[in-house]
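So the protein lines, in turn, are chains S and L. Residue numbers for the first sequence, in numbering that gives the first Met the number 0: 0 to 126. Residue numbers for the second sequence, in numbering that gives the first Met the number 0: 0 to 955. Ideal placement from N, C-alpha and C gives every residue a C-beta, glycine not left out. Data block below; observations after.
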Amino acid sequence: MELLAQIVISALLVIAGIFGFLGSYGLLKLDDTMRRLHAPTKATTIGVGGVLIAAMIYFAVFQDKISLHELLITVFLFITAPITANFVAKAHLHRDVKPSELPPTGGKYGWAAYDSVSPDKQPIDTD
Amino acid sequence: MTAHLDVTLALIAALPFIGAVFPGLMIRAGRDACAMSAGWATLSAFILLMTLAPAVWHGETYSFRINWMPMLGLNANFRLDGLGFLFATMILGIGMLIILYARFYLSRSDPMGQFYVYLMLFQGAMLGIVLSDNVLMMVVFWELTSLSSFLLIGYWKHTPDGRQGARMALAVTGMGGLALIAGMLLLGEAAGSYDLTDILQRREAIQASPLYLPMLILILLGAFTKSAQFPFHFWLPHAMAAPTPVSAYLHSATMVKAGLFLMARLWPVLSGTDAWFYIVSTTGLVTMVLGAAIAIFKDDLKALLAYSTVSHLGLITMLLGFGTTAAATAAGFHIINHTIFKAALFMTAGIVDHETHTRSIKRLGGLRHLMPITATLAIITAASMAGIPYFNGFLSKEMMLESAAHTTWDGNGLLVPVLATIGALLSAAYSFRYIGHVFLGPVRDDYPHKPHDPGFGLWAAPAFLSVLVLAIGIFPQAVVGSFLQIVADAITGQHLHMHPLKVWHGLTPALLMSAIATVGGLAVLLAFTPLDRLWESLPKPDAKRIFDRMVETSHDICGTIANHMHDGQLTRYVAIFATGTVAAGIIAFVTGDYLPGTRDMLPVDLIDVVGTILVIAATASIVVFHRSRLLVLVLIGINGLVVSLIFVRFSAPDLAMTQVTVEVVTLILLLLALHFLPKITPRETSWARRGRDGAIAIAAGLAVGGLAFALMTRDFSTISGYYWENAKPGGGGTNVVNVILVDFRGYDTFGEIIVLGIAALVIFALAEALMNGRASRRLANWEVTQRYSRDRHPLMMVVATRVMMPIVLMVGVYIFLRGHNQPGGGFIAGLVVAIALLMQYMASGFAWAQDRMKFAYHTFIGWGVMIAGLTGIGAWFVGRPFLTSAYGYVHIEPIEEFELATAMAFDLGVFLAVVGAVMLALYCLSRIARRTGETVNVTPMDFDPSHPTETTQENG
Chain S
0 MELLAQIVIS
10 ALLVIAGIFG
20 FLGSYGLLKL
30 DDTMRRLHAP
40 TKATTIGVGG
50 VLIAAMIYFA
60 VFQDKISLHE
70 LLITVFLFIT
80 APITANFVAK
90 AHLHRDVKPS
100 ELPPTGGKYG
110 WAAYDSVSPD
120 KQPIDTD
Chain L
0 MTAHLDVTLA
10 LIAALPFIGA
20 VFPGLMIRAG
30 RDACAMSAGW
40 ATLSAFILLM
50 TLAPAVWHGE
60 TYSFRINWMP
70 MLGLNANFRL
80 DGLGFLFATM
90 ILGIGMLIIL
100 YARFYLSRSD
110 PMGQFYVYLM
120 LFQGAMLGIV
130 LSDNVLMMVV
140 FWELTSLSSF
150 LLIGYWKHTP
160 DGRQGARMAL
170 AVTGMGGLAL
180 IAGMLLLGEA
190 AGSYDLTDIL
200 QRREAIQASP
210 LYLPMLILIL
220 LGAFTKSAQF
230 PFHFWLPHAM
240 AAPTPVSAYL
250 HSATMVKAGL
260 FLMARLWPVL
270 SGTDAWFYIV
280 STTGLVTMVL
290 GAAIAIFKDD
300 LKALLAYSTV
310 SHLGLITMLL
320 GFGTTAAATA
330 AGFHIINHTI
340 FKAALFMTAG
350 IVDHETHTRS
360 IKRLGGLRHL
370 MPITATLAII
380 TAASMAGIPY
390 FNGFLSKEMM
400 LESAAHTTWD
410 GNGLLVPVLA
420 TIGALLSAAY
430 SFRYIGHVFL
440 GPVRDDYPHK
450 PHDPGFGLWA
460 APAFLSVLVL
470 AIGIFPQAVV
480 GSFLQIVADA
490 ITGQHLHMHP
500 LKVWHGLTPA
510 LLMSAIATVG
520 GLAVLLAFTP
530 LDRLWESLPK
540 PDAKRIFDRM
550 VETSHDICGT
560 IANHMHDGQL
570 TRYVAIFATG
580 TVAAGIIAFV
590 TGDYLPGTRD
600 MLPVDLIDVV
610 GTILVIAATA
620 SIVVFHRSRL
630 LVLVLIGING
640 LVVSLIFVRF
650 SAPDLAMTQV
660 TVEVVTLILL
670 LLALHFLPKI
680 TPRETSWARR
690 GRDGAIAIAA
700 GLAVGGLAFA
710 LMTRDFSTIS
720 GYYWENAKPG
730 GGGTNVVNVI
740 LVDFRGYDTF
750 GEIIVLGIAA
760 LVIFALAEAL
770 MNGRASRRLA
780 NWEVTQRYSR
790 DRHPLMMVVA
800 TRVMMPIVLM
810 VGVYIFLRGH
820 NQPGGGFIAG
830 LVVAIALLMQ
840 YMASGFAWAQ
850 DRMKFAYHTF
860 IGWGVMIAGL
870 TGIGAWFVGR
880 PFLTSAYGYV
890 HIEPIEEFEL
900 ATAMAFDLGV
910 FLAVVGAVML
920 ALYCLSRIAR
930 RTGETVNVTP
940 MDFDPSHPTE
950 TTQENG
């Protein structure tokens, strides 16, 4: 049992390390902001997630206590990571892309960053 | 002389202060209730005082001692003897009459509650002076009279005269007060005690001390400024801008008598020397003659009375200066008489002003026919001031002339008697003018307002005083004989054998001088018109202009110095500070011995290296990119994060948590502030200048680093060991940091949250000022240089912050609750909760979030400080010092046993203050943003797939 746990923990740590490295490397390597945006997501999800799962298993098996902090950290990460990405993308749209260069959205509404919806048209039609 | 201990004394001194609370509240119940509340407090104090009268009458003293700061010699010691009794009686007695008079004098538009609050404060301060046994305590009360009289004189704050008069009075008496503090310290030094009881016994030691002369001059400066002695007399006439009840009170019984009281009080120890005689009696003599001469030609009723007050104060000062027991007795007697007739005179002047709407003597006359009651009262009291037989002023004036007749000044036996006679003559002249030009003569038809006698309420007080004038004037021995005996005994500190007071002493030099004065006074009145013309043609220095110029000059000088030292350039301040500190350190290092540290260096591992590189790289980047402010902010963030990691590594989780949360809050607020500032720092200084600044910075950095290294490489004992051992047994918590914050050093923390609150309020005040100034117009014309997103409040962010809010709040509560034993505490919890709120504001915009916030952030700060303070005070109720904490363990099924400590309530205060301060800063920044014309969103997000909660559109 302990051996199995050790193997699992080690594997998780290694995988997490690889993804963490990949995330950082991608951030440097990729040349376009929109593409770059993808790289750190690997680090924040599987990279950090692997370490957290490893920690939980470690505490459960070797320290004989259930640790739930990691779950909370995961929740926070899952909530915040997309928002960060969303904001970076929006900033990129404003700084580097002209509205005319943007492709049509194909829906009833334009790009959120440029087309406002007047309050009397709210709530927006989500169908 | 036997002494009694009696707590009543402290109660008498406290009653006016307690009474000062009520008028402000009772004004809501009406003007009568307001006046009554002040009156009752004064009456209670008066009755209490009278219960002590029998023993004082037998020459006994009362005292009461409360140790306040015994190490400094500053104790709340009270003492009541004949002199104190006289003054306390005057302060409270006249005080009651003034309260009555003011009730009818003040008009409906005057804020009466304020008036009585100020009056009671002033009364309390005066009473404190005359009842203090400790001279330092007396100085405290002395300054309180300066402050409260400032409020009273400036009561009509809408008039420039009132404001300037109040400021002048405060400047002159306040500066005198400073001199007095120094004088009293020297006196205590010379006497070896700050208690009057002791000081009064040590005349020889004090007069033999080398400190005697400087001490005398300083104390007299205090007394002379307060009692408006030449050349400090000029503030008193300007203080006449106050409402008449104030003038009547301040200038008859209280404020200006404080200086006389001080001289009388210290008479036994200070008088009798040449220095005392020449300084005090000469000043008094000059003041008496000069004040009287000016008074005659004043056309303003109150100005005439003001200068007459100056003159009479000079008279009493002169008598005290003579240094003989007979003169001191006369001084005591004239203090009584002057109080009575001058209070009444001011009140009648107030009535005339009230009824005719003018105070100019040139526009008055013949009022005897229109206001018979007022005229009678005024004539009785003015006759007393003139020194006519059978009025009380006559008696003390006779005694004064008698003393003057026997005084030689620098070998000249004639100088003092002649000048004293001239003073009395002029005094008679202005008194006659007050009677003749206001009340006698034909009735005129051009009064600004048709006068008639006022209601009983207004003339009751002067009428009572007039009765006293006559009673003392006709039956002196029966009415005040024994009282004067105890007063004179108390002033001189001996048991005097006094002749009974009589109106007629036979044909004495004094009577002759008095006759000359009266006849001369009449002659001056008859020849008034030509004399007035002559006086007008004389060049006279304008005291107010001189004073204003002095104030302006000193203001300019201070301004020049301050503006050169503080030119607003922060780099200069830092450069001066850093250079000075480094230089001091280098001097200390060169002149002292230095031994290298003895502790071994810690091993360095990879993590340390990475951390160090990160900090250095971030800092170096800040230096390189410092002109791009946004980038710098990010780099500072890196620094903050690494520093908090360093804290984690060296087992300081509390610090790490604080650092991280502070970092987040700071970054957000800085980002917001940066929004209104240029994004680029312009190049303003030359290369040489920057090189110099760089050198200073490097030197300072190296010095700090070296110092830290030197400290950390050696063993030294600090107090931390004590904290470590006593955190659990003493403070009941295992988190030493938290126990230090809320228990060991609770006082510091209490001070800090107050500072934090003040800082937040200052930010608020600054932003408020910004909103109303030129900057506001600039903000209104703000040009948006960068395109705003149409989607400022994106759905994802809004939803995520809503989801996180309860979690973050829970984390805050958790950190708060466990703070006493594990990393956490009120400060961190406050920051965490503030971040939870900040997120909502960021996601949905300030206005939207603020609408949902039911409490103002100012109150958070207030509650925080109050809860922390009340927790500290709670310790008093179990007889422990401020902020002593207690703790216990509670066990409620099914929860595990947990600890409850009073420190938690204190921590709650810290928590609230932190939340309030952070959010108030955010509020201020957001107000600025609104001013730039930022639109306010109605819905929580810009693209709202749900139903909008509101339908109104508002614009910022």
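Ranked by Cα distance from A509 of chain L, the options L:G410, L:G863, L:K396 are led by L:K396. In the structure shown, H494 of chain L adopts coil according to DSSP, grouped into three states. With fewer than 16 neighbouring CB atoms inside 10 Å of its own CB, T680 of chain L falls in the exposed class. Contact between the region 702–718 of chain L and the region 866–876 of chain L is not established, with fewer than three Cβ pairs separated by less than 8 Å. Taking 8 Å as the cut-off, the Cβ atoms of G364 of chain L and P441 of chain L count as close.
Under a 10 Å Cβ-count criterion, I697 of chain L is classified as exposed, with fewer than 16 other Cβ atoms of the shown protein chains found around its own Cβ.
Scanning L:L269, L:A222, L:A247 for the CA closest to the CA of L261 of chain L turns up L:A222. I65 of chain S and M55 of chain S have their C-alpha atoms spaced approximately 7 Å apart.
Taking C-beta atoms as the reference points, T41 of chain L and I98 of chain L count as a pair closer than 8 Å. Here I65 of chain L carries a strand assignment [DSSP, helix/strand/coil]. A799 of chain L has a beta carbon lying within less than 8 Å of a beta carbon in chain S.
Cβ-Cβ distances below 7 Å link M317 of chain L to S280, G283, L284, M287 in the same chain, with the five nearest sequence neighbours on each side left out; the list follows chain order.
By the Cβ criterion, the region 153–171 of chain L is not in contact with the region 190–203 of chain L, since fewer than three pairs of Cβ atoms, one from each stretch, lie closer than 8 Å. Secondary structure remark: continuous alpha helix (DSSP H) runs of at least 4 residues inside the region 280–307 of chain L, in chain order: 281–295. Residue pairing by DSSP places F77 of chain L opposite L:F63, L:S131 in a beta bridge.
Between A111 of chain S and the set L:P110, L:I216, L:H792, L:A329, the nearest pair of CA atoms involves L:H792. Runs of the alpha helix (DSSP H) lying entirely within the region 480–556 of chain L and spanning at least 4 residues, in chain order: 481–491, 508–525, 527–536. Below the 9 Å Cβ cutoff, chain S contributes no neighbours of P681 of chain L, its closest Cβ being approximately 23 Å away. In the three-state reduction of the DSSP assignment, V96 of chain S falls in the coil class, being assigned neither a helical nor a strand state.
The C-alpha of M346 of chain L is placed about 33 Å away from the C-alpha of H504 of chain L.
Within the model, the alpha-carbon separation for F61 of chain S versus A4 of chain S is close to 9 Å.
Between G81 of chain L and I485 of chain L, the C-beta gap is smaller than 8 Å, which places the two residues in contact.
G887 of chain L: not part of any alpha helix (DSSP H); member of the beta strand (DSSP E) spanning 886–889, first to last residue. A straight-line Cα-Cα distance of about 7 Å links V479 of chain L and I471 of chain L.
A758 of chain L sits in a helix when the DSSP states are folded into three classes. Each residue's CA atom was taken as its position, placing A382 of chain L and F103 of chain L some 26 Å apart. For R102 of chain L, no CB of chain S lies under 8 Å from its own CB, so it is not counted at the interface with that chain.
Contact annotation: T931 of chain L and W686 of chain L have beta-carbon atoms that are not nearer than 8 Å. Only those residues of the region 66–77 of chain S whose C-beta falls short of 8 Å from the nearest C-beta of chain L are listed: L71, V74, F75. Ranking L:S62, L:D194, L:M95, L:I757 by CA distance to the CA of V138 of chain L puts L:D194 first.
According to the DSSP assignment, I814 of chain L belongs to the alpha helix (DSSP H) that extends over 794–817. Taking a Cβ-Cβ threshold of 8 Å, the residues of chain S close to V802 of chain L are I78, in chain order. By the 16-neighbour rule on beta-carbons within 10 angstroms, S553 of chain L is exposed. The beta-bridge partner set that DSSP reports for D194 of chain L consists of L:N133. For N936 of chain L, the number of other beta carbons within 10 angstroms of its own is at least 16, and it is reported as buried. Listed along the chain, the chain L residues whose CB falls inside 7 Å of the CB of Y113 of chain S are R789.
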